[in-house]
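So this is what it looks like as structure tokens:
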């Protein structure tokens with residue numbers, strides 16, 4: 001049920017009318033307590049149980065002493081319902097609230113981690129945590145984008161539109177998405193906008209953003225643009241030479257990620273004093 005993750009527990013968490021599948025994965029070193037907690041938001045494809053994601057949980061638990069919360073939004077994995085923007089807001093808030101209850105009075109620093117489409121979800125979760133007085137020490141982003149329409153316009157999933165110039169494709173996709181994006185009950189997948197709002201609401205919130213220089217699905221230029229959008233303040237960008245879209249925590253790339261996070265975590269642990 002928990003894909004061989006040592007000590008992991010499988011939970012069902014109610015989110016509105018839907019039931020979400022959640023794993024709580026403890027830090028692996030049994031001789032000392034966890035040093036931090038990480039809530040992980042995965043990307044568009046598959047579920048929390050995909051092999052490359054399990055490798056990431058093991059990296060966080062084994063090498064970075066993190067308790068990891070991994071879950072599927074409605075419609076993904078073993079979660080019920082249909083995946084669409086109308087339920088994303090509720091599911092994110094539900095998981096944040098549930099994590100707070102599970103941690104109780106534990107004073108661990110808490111981080112949100114978003115990969116690809118999970119990037120804006122993680123930033124929204126941080127904003128929700130700030131607004132509701134919960135402890136959040138920083139945001140970890142990986143292989144994410146500035147704005148979804150432009151990314152989709154350059155992604156193979158829109159290959160049938162590639163006879164049009166990229167700017168035209170972007171405007172077309174934006175016009176199709178905009179009605180949903182203006183609906184406050186639906187999630188806004190513009191990572192840049194979520195980041196700027198977080199900066200207004202929590203100016204000193206540290207962010208670290210990893211991106212592979214060989215990522216053909218989401219260009220590394222997105223990482224540079226995100227940093228520029230907030231002036232680079234309290235914002236660390238780590239480019240992984242040869243890294244793709246979903247393999248930054250494998251092989252030699254993993255060592256680079258671990259070193260960067262070990263350097264970054266001590267700078268962030270005391271940034272937030274609010275306790276769940």
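In the UniProt record's numbering, the protein residues as written are 1 to 276. Idealized CB from N, CA, C, for every residue including glycine.
Pair within 8 Å by beta-carbon distance, residue 42 and residue 143: No, the Cβ-Cβ distance between residue 42 and residue 143 is not below 8 Å.
Best match in 118, 146, 108 and 145 for proximity to residue 134 [C-alpha to C-alpha]: With distances taken between Cα atoms, residue 134 lies closest to 108.
Residue environment, residue 58, which counts as buried when at least 16 other CB atoms sit within 10 Å: Buried.
Within 8 Å, strictly: CB atoms of residue 64 and residue 261: Closer than 8 Å, so yes.
Pairwise C-alpha distance: residue 76 and residue 14: Cα to Cα, residue 14 sits roughly 14 Å from residue 76.
Under 8 Å between C-beta atoms of residue 117 and residue 139: No, the Cβ-Cβ distance between residue 117 and residue 139 is not below 8 Å.
CB-CB length for residue 213 against residue 241, believed under 8 Å: At roughly 5 Å, the Cβ-Cβ gap stays under 8 Å, so residue 213 and residue 241 are in contact.
From 37, 101, 232 and 87, residue whose alpha carbon lies closest to that of residue 121: Ranked by Cα distance from residue 121, the options 37, 101, 232 and 87 are led by 87.
Residue 25, DSSP secondary structure in three states: For residue 25, the secondary structure class from DSSP, reduced to helix, strand or coil, is strand.
Beta-bridge pairing of residue 240 - partner residues as DSSP gives them: The partner list for residue 240 (beta bridge, DSSP) reads 212.
Cα-Cα separation between residue 69 and residue 197, rounded to whole angstroms: As the crow flies, the alpha-carbon of residue 69 is around 24 Å from that of residue 197.
Which listed residue (232, 60 and 201) has its alpha carbon closest to that of residue 259: Across the set 232, 60 and 201, the C-alpha of 60 shows the shortest separation from the C-alpha of residue 259.
DSSP beta-bridge partners of residue 67: Bridge partners of residue 67: 37.
Span of the alpha helix (DSSP H), counted from its first residue to its last, around residue 279: Since the first and last residues shown for the chain are 1 and 276, residue 279 lies out of range.
Local Cβ density within 10 Å of residue 104, reported as buried at 16 or more and exposed below that: Exposed.
C-beta contact flag for residue 20 and residue 72 at 8 Å: In this structure, residue 20 lies near residue 72, with their beta-carbon atoms less than 8 Å apart.
Min CB distance residue 254 to chain B below 8 Å: This model lacks chain B altogether; it includes just one protein chain.
Alpha-carbon spacing of residue 229 relative to residue 111, whole angstroms: Answer to the nearest angstrom: the Cα atoms are 21 Å apart.
Through-space distance from residue 168 to residue 8, alpha-carbon basis: Taking the straight line from one Cα to the other gives about 47 Å.
Cβ neighbour criterion (16 or more within 10 Å) applied to residue 82: Here residue 82 is exposed: its Cβ has fewer than 16 other Cβ atoms, across all protein chains shown, within 10 Å.
Counted within 10 angstroms of its Cβ, other Cβ atoms place residue 221 as buried (16 or more) or exposed: By the 10 Å Cβ count, residue 221 comes out exposed.
Every unbroken alpha helix (DSSP H) inside the UniProt domain "AB hydrolase-1" (37–153) [4 residues or more]: Every alpha helix (DSSP H) stretch that sits fully inside the UniProt domain "AB hydrolase-1" (37–153) and reaches 4 residues is listed by chain position as 51–58, 85–103, 118–131 and 148–153.
Rounded Cβ spacing between residue 202 and residue 146 (contact assumed at less than 8 Å): Incorrect: roughly 20 Å between the Cβ atoms, too far for contact.
Alpha carbon of residue 187 to alpha carbon of residue 125, nearest angstrom: Those two C-alpha atoms are separated by around 11 Å.
Rounded C-alpha distance that separates residue 193 from residue 200: Rounded to whole angstroms, residue 193 and residue 200 show a C-alpha spacing of 11 Å.
Secondary structure of residue 198, DSSP reduced to three states: The DSSP-derived three-state label of residue 198 is helix.
Residue(s) in a DSSP beta bridge with residue 10: In the DSSP output, where bridge partners are listed per residue, residue 10 has 23.
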